[in-house]
Amino acid sequence: MASAAESLERRDFIRAIVAEDLKAGTHDGRVVTRFPPEPNGFLHVGHAKALGLSFGIAEEVPGARCHLRFDDTNPETEDEAYVEAIKRDVAWLGYDWGEHLYFASDYFPKMYEFAEHLVREGNAYVDSQTEDEIREGRGTVTEPGRPSPFRDRTVEENLDLLRRMRAGEFSDGAHVLRGKIDMASPNMLLRDPVLYRIRHASHYRTGDEWCIYPLYDYAHPIEDALECVTHSLCTVEFEINRALYDWVVENIPVECRPRQYEFARGNLDYTVMSKRMLLTLVKERYVRGWDDPRMPTVAGLRRRGFTPESIRAFWERMGVAKTQSRVDMGKLEFAIRDDLNAKAPRVLCVLRPVRVLITNYPDGGSEEIEAASWPHDVPREGSRRLPFSGEIFIDDDDFREDPPADWKRLAPGRAVRLRHGHVIRCDEVVRDDAGAIRELRCSYAPDSISSEPPSGWEVGGAIHWVDAEGSLSCEVRLYDRLFTVPAPDVEAAESGRDFTDFLNPDSLVVVENARIEPSVADDPPGSRYQFERLGYFISDEEDSAPGRLVFNRTVTLRDTWSKRGGSAAGERRRARQPERGPDLSAEEHRRLRQAAAPERPPELESRRRRFESELGLDAEDAELLTRDAATADFFAAAVGAGAPPARTANWLINELPRHAGDRALGELPFGGHAFGALMALVEDGTLSGAIGREVLAEMAESGAEPGAIVDRRGLRQIADASSLEPVIDRVVAANQNKAAEYRAGRTALLGFFMGQVMKETGGKASPELARRLLEERLGRSADR
RNA sequence: UCCCCGGUCGUCUAAUGGCAGGACGGAGGACUUUGGAUCCUCUAAUGGUGGUUCGAAUCCACCCCGGGGAACCA
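In my numbering, the protein residues as written are 202 to 985.
1) In angstroms with no decimal places, state the Cα-to-Cα distance between G886 and T827.
2) Quick check on the DSSP output: the alpha helix (DSSP H) that includes F256 runs from which residue to which?
3) Per DSSP, what kind of secondary structure is N938 in: helix, strand or coil?
4) Please report how far the alpha carbon of G622 lies from the alpha carbon of I570, in whole angstroms.
5) For a test of the three-state rule: what should DSSP assign to P415, helix, strand or coil?
6) By Cβ distance below 7 Å, which residues in the same chain neighbour T962 in space, the five residues on each side in sequence not counted?
7) Quick one: is M496 buried, meaning 16 or more other Cβ sit within 10 Å of its Cβ, or exposed?
8) Which residue comes first and which comes last in the beta strand (DSSP E) that contains H432?
9) Quick check: what's the CA-CA separation for D634 versus A616?
10) With DSSP collapsed to three states, give me the class of G697.
11) Which two residues bound the contiguous alpha helix (DSSP H) that contains S814?
12) Using the C-alpha atoms, what's the distance from R620 back to R538?
13) Span of the alpha helix (DSSP H) holding Y296?
14) Rounded to the nearest angstrom, how far is the Cβ of L925 from that of L974, given a contact under 8 Å?
15) In the DSSP output, which residue or residues are listed as bridge partners for I664?
16) Would you please state the rounded distance, in angstroms, between the beta carbons of D235 and S433? I believe it to be under 8 Å.
17) Measuring alpha carbon to alpha carbon, tell me which residue in R556, G662, N468 is nearest W608.
18) Mind checking D145: buried by the 16 CB within 10 Å criterion, or exposed?
19) Is it right to say N561 is buried, meaning 16 or more other beta carbons lie within 10 angstroms of its own, or is it exposed?
20) Report the partner residues of I739 according to the DSSP bridge assignment.
21) Sorted by chain position, which residues of the same chain lie with C-beta nearer than 8 Å to R347's C-beta, five sequence neighbours on each side aside?
22) Scan the segment 881 to 924 and note each continuous alpha helix (DSSP H) run of 4 residues or more that stays entirely inside, going in chain order.
23) Return the residue from the list V284, G980, D690, L396 that minimises the CA-CA distance to D445.
24) Should the segment 694 to 707 be regarded as contacting the segment 653 to 668, the criterion being three or more beta carbon pairs within less than 8 Å?
25) Give the single residue among W448, I399, S306, V499 whose Cα lies nearest to the Cα of L252.
26) Is the CB-CB distance between Y943 and L979 below 7 Å?
27) In whole angstroms, give me the CA-to-CA distance for V455 and H376.
28) For A830, count neighbouring Cβ atoms within 10 angstroms of its own Cβ and tell me buried if that reaches 16, exposed if not.
29) Runs of 4 residues minimum, wholly inside the segment 472 to 539: which ones carry the alpha helix (DSSP H) assignment?
30) Check for me: the beta strand (DSSP E) holding Y645 runs from which residue to which?
31) Among F351, S728, E733, R734, whose alpha-carbon lies nearest the alpha-carbon of D741?
32) Within 10 Å of its beta-carbon, does P907 have 16 or more other beta-carbons around it, so buried, or fewer, so exposed?
33) Whole angstroms are fine: how far does the CA of P689 sit from the CA of A776?
34) My guess is that M474 and I413 are in contact by the Cβ rule of under 8 Å, so how many angstroms apart are they, rounded?
35) Could you tell me how far apart the beta carbons of A217 and F271 are, in whole angstroms, since I believe they sit closer than 8 Å?
36) Counting only the same chain and skipping the five closest in sequence on each side, list residues whose C-beta sits under 8 Å from that of L144.
Printed below as a string of structure tokens:
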């Protein structure tokens, strides 16, 4: 068991929780997670994050597992086709659910049985109000709800009604089953949530067997409990649902006690992730389908050429936290380039061909060039042959008649190396009648393939090319971001426009007449390449066919030449910061509140004055301590036991609440007297503040006397220089480099040294003294 | 408006009262038969105001900002 806990790296707060549960043996040392998609759409990259968490943890902990469970409780939107698509995507990402494939719909009988149980226990009732009446009765965020007139039906009546609901005696909406919780709860979900509704609809798996269907908040915890899931991980918007989740699990007869934890969902720049919007894009034909390479779906990414490894690595680098975030596209692009650099063989492809005639090449001559498929820094073997003759194509982009100063490509009178081939120089530009470039006339330096050209040929850079005769025609699809703004959903909501208004018209550019080297002719669809200097590409699995080559651009190469600007997301965030005036200080707010506060009872008011005049408390402390009688009594008892008033007030206000947790003063296992004794120990220097806090923590836990705790644990502080100096010397001697840095001006390191001294002394060093000695010792220049 | 959750370099994320660190991006340089890759250097942050503490991103108070919440969706 310990080894299982150790194998889990605490990479994020969820894994930390799992590791701690493992250590504490919380779920008998078991770890079971689950991934619960509803089969009403395709998986997207955001789901890949959730997959990486739930399946990732299962992979990392020996003996753990992750269930793939279809949460199919709504017959109206779900479909078998989505089940298959989701299974395919999960498997493609490399996650293995083994035997553990489940369907919520398989639990319908059990869920119904539990519903009767809830009714019998008085925890649920059949409500016969209309949908509108129920909504109305729920109240608002500021007003409590009103109980339904049907709330107090007898168990017998409820049971009878529920059975008849199930038997199909009622029409849709005639009745619902509601949990009987709390109509006044600030959490609206707890105001008697609907558990079951009548819906005479065919379910894709259970057909017409059921005419009542459970709702998410009721079904999900049951699914988890029945499967003995231990850590039910979901996104933060379900945080409020947790209270209801816990209520359900506590009120049904199940063995296992799953816990729900929430993390931030994975959002990406320049796309949308909501199922509704994705469905709109597909249905209204803004894209070619769920697997359109511009879609953020797993299927889209796959067709675009992303690897499962890159997607997993991407989310692993992103981490898991609870802050809402919108990740840079650039990070996803980094992940795929990083992966493909070592996986995609290099080939040459010319997107927009310009004909180049090599005038000094032997007439009708040709040769074959052996070209390595991998650059020098990728340790892989392999090569192919490139045909070369006196007539080739280069890319439009690689020729400029009037180039900028730092141009490294072809221009009149300039020379470039043809990648893997000869060096050529442009002698003449031939135009057609319309003035467009028809061909470039160049000369080449013979025998310059694997050697430097003769002097006089100043080579700027290397460009890609293909042989005019020996190359193949192909179609290349260039993809760009689907939307023109980083957050189309937010933009739409704020501007009142539709999110489709922000679609990027250039998200797909089809290049029909590209030319590619012939070596790729017989590769299977789905082959990935780097088209040198252009990017990573994949042959399209749908549209490629023998004799018809179609490539999708996965991502461009990083381009430090024609670089783009900074992060648009950041600019946007800054732009949205509204103007506002200066904040009121905390002090001003306190005064305002106090002015508005009702008069306190005279008894407390007179104690306040006495605390202030007789005990010398400052006005604010006195006020705080006399807000209620219990606090005032507690304080008085402490002072009565000989405690110093000022320090006691300070600790009562600042330290005690932390250790009390939710407990009221009266519920603590110690009283004002013991607290006063602790204060006396701090006051006379027996304890430092830090140790005092530690003792207080133990008192709050066990109720033991402070003196007893101090004696048993030997906690007296070390406050004499003669005992502390050797420690200081040791610490400084052991960290000579840091000491030098400190002396050089990095005084923040004092905290580091203080920490070391505290560690050495078990926290018992007097901090004031330790700090003074340390400053003294470090302040001196290095002694020899 | 009430309840819940958040707020750390431009972005994502570490730091469980003790050195604000890493990654992406950006800038500069080295190298280069890909303006790729790699390597080096640099850049840049704790929302605000108070408080507690020897010491606060971390604890407390108030404020500000963002997200979620009044489906018979999940």
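Beta carbons are placed, not taken as given, at the ideal position from N, Cα and C, and that holds for glycine.
The relevant details are as follows:
1) As a working note, residue 886 is residue 685 in the first sequence. As a working note, residue 827 is residue 626 in the first sequence. Straight-line Cα distance between these residues: approximately 28 Å.
2) Numbered from its first residue, the first sequence carries residue 256 at position 55. From DSSP, the alpha helix (DSSP H) with F256 extends over 246 to 261.
3) On the first sequence, residue 938 is found 737 positions in, with the first residue counted as 1. Note: N938 maps to helix in three-state DSSP.
4) Counting from 1 along the first sequence, the entry for residue 622 is found at position 421. Counting from 1 along the first sequence, the entry for residue 570 is found at position 369. So the two alpha carbons sit approximately 7 Å from each other.
5) Here the question's residue 415 lines up with position 214 in the first sequence. Three-state DSSP puts P415 in a strand.
6) Position 761 of the first sequence, counting from 1, holds the residue named residue 962. Result list for T962: I919, V928, in chain order.
7) As a working mapping, residue 496 is identified with position 295 in the first sequence. Under this definition M496 is a buried residue.
8) Mapped onto the first sequence, residue 432 falls at position 231. Here the beta strand (DSSP E) through H432 covers 432 to 436.
9) To locate residue 634, count along the first sequence from 1; it is residue 433. To locate residue 616, count along the first sequence from 1; it is residue 415. The straight-line gap from Cα to Cα measures roughly 27 Å.
10) Position 496 of the first sequence, counted from the start, is the residue given in the question as residue 697. DSSP places G697 in coil when its eight states are reduced to three.
11) Your numbering for residue 814 matches position 613 in the first sequence. 803 to 815 is the span of the alpha helix (DSSP H), which, as asked, contains S814.
12) Within the first sequence, the letter at position 337 stands for residue 538. Within the first sequence, the letter at position 419 stands for residue 620. Their backbone Cα atoms lie some 21 Å apart in a straight line.
13) The sequence position of residue 296 within the first sequence is 95, counting from 1. Careful: Y296 lies outside any alpha helix (DSSP H) and carries neither H nor E.
14) Within the first sequence, residue 925 is the residue found at index 724, counting from 1. Within the first sequence, residue 974 is the residue found at index 773, counting from 1. Indeed, because the Cβ distance is near 6 Å, the residues count as touching under 8 Å.
15) Walking along the first sequence from the start, residue 664 turns up at place 463. L619, per the DSSP bridge assignment.
16) Stepping through the first sequence from its first residue, residue 235 is reached at position 34. Stepping through the first sequence from its first residue, residue 433 is reached at position 232. The amino acid at residue 235 is misidentified as Asp; the sequence shows Arg. Between S433 and R235 the Cβ distance is about 7 Å, and since that is below 8 Å, they are a contact.
17) Along the first sequence, one-based indexing puts residue 608 at 407. Nearest C-alpha to W608: G662.
18) What is shown of the chain runs 202 to 985, which leaves residue 145 out entirely.
19) In the first sequence, residue 561 corresponds to position 360, counting from 1. So N561 counts as exposed.
20) On the first sequence, residue 739 is found 538 positions in, with the first residue counted as 1. Answer by DSSP bridge pairing, in chain order: R729, N753.
21) For this step, residue 347 is matched to residue 146 along the first sequence. So the qualifying residues of the chain are G338, G340, M384.
22) 890 to 903, 907 to 914
23) Translated into the one-based positions of the first sequence, residue 445 becomes position 244. In the sequence on display, residue 445 carries Leu and not Asp. That would be L396, whose Cα lies nearest to the Cα of L445.
24) no
25) Indexing the first sequence from 1 puts residue 252 at position 51. Taking only the C-alpha atoms, the option nearest L252 is V499.
26) In the first sequence, counting from the first residue as 1, residue 943 sits at position 742. In the first sequence, counting from the first residue as 1, residue 979 sits at position 778. Yes, the pair counts as a contact, with Cβ atoms nearer than the cut-off.
27) Along the first sequence, one-based indexing puts residue 455 at 254. Along the first sequence, one-based indexing puts residue 376 at 175. Each residue's Cα considered, the two are about 27 Å apart.
28) Here residue 830 refers to the residue found at position 629 of the first sequence. So A830 ends up on the exposed side.
29) 476 to 484, 499 to 505, 509 to 519
30) Taking the first sequence and counting its residues from 1, one reaches residue 645 at position 444. First-last of the beta strand (DSSP E) with Y645: 638 to 646.
31) Here the question's residue 741 lines up with position 540 in the first sequence. The residue with the shortest Cα to Cα distance from D741 is S728.
32) As a first step, residue 907 is located in the first sequence; it is residue number 706 there, counting from the start. The residue in question, P907, is buried, as its Cβ has 16 or more Cβ neighbours within 10 Å.
33) Locating residue 776 in the first sequence gives position 575, where the first residue counts as 1. Locating residue 689 in the first sequence gives position 488, where the first residue counts as 1. Only weak support is given to the placement of A776: the predicted model assigns it a pLDDT of 36, under 50, and the question is left unresolved by the model.
34) Here residue 474 refers to the residue found at position 273 of the first sequence. Here residue 413 refers to the residue found at position 212 of the first sequence. Not really, about 32 Å apart at Cβ, beyond 8 Å.
35) Along the first sequence, one-based indexing puts residue 217 at 16. Along the first sequence, one-based indexing puts residue 271 at 70. A217 to F271, Cβ: 29 Å. No contact.
36) The structure shown does not extend to residue 144, since the chain is modelled only from 202 to 985, so the question has no answer here.
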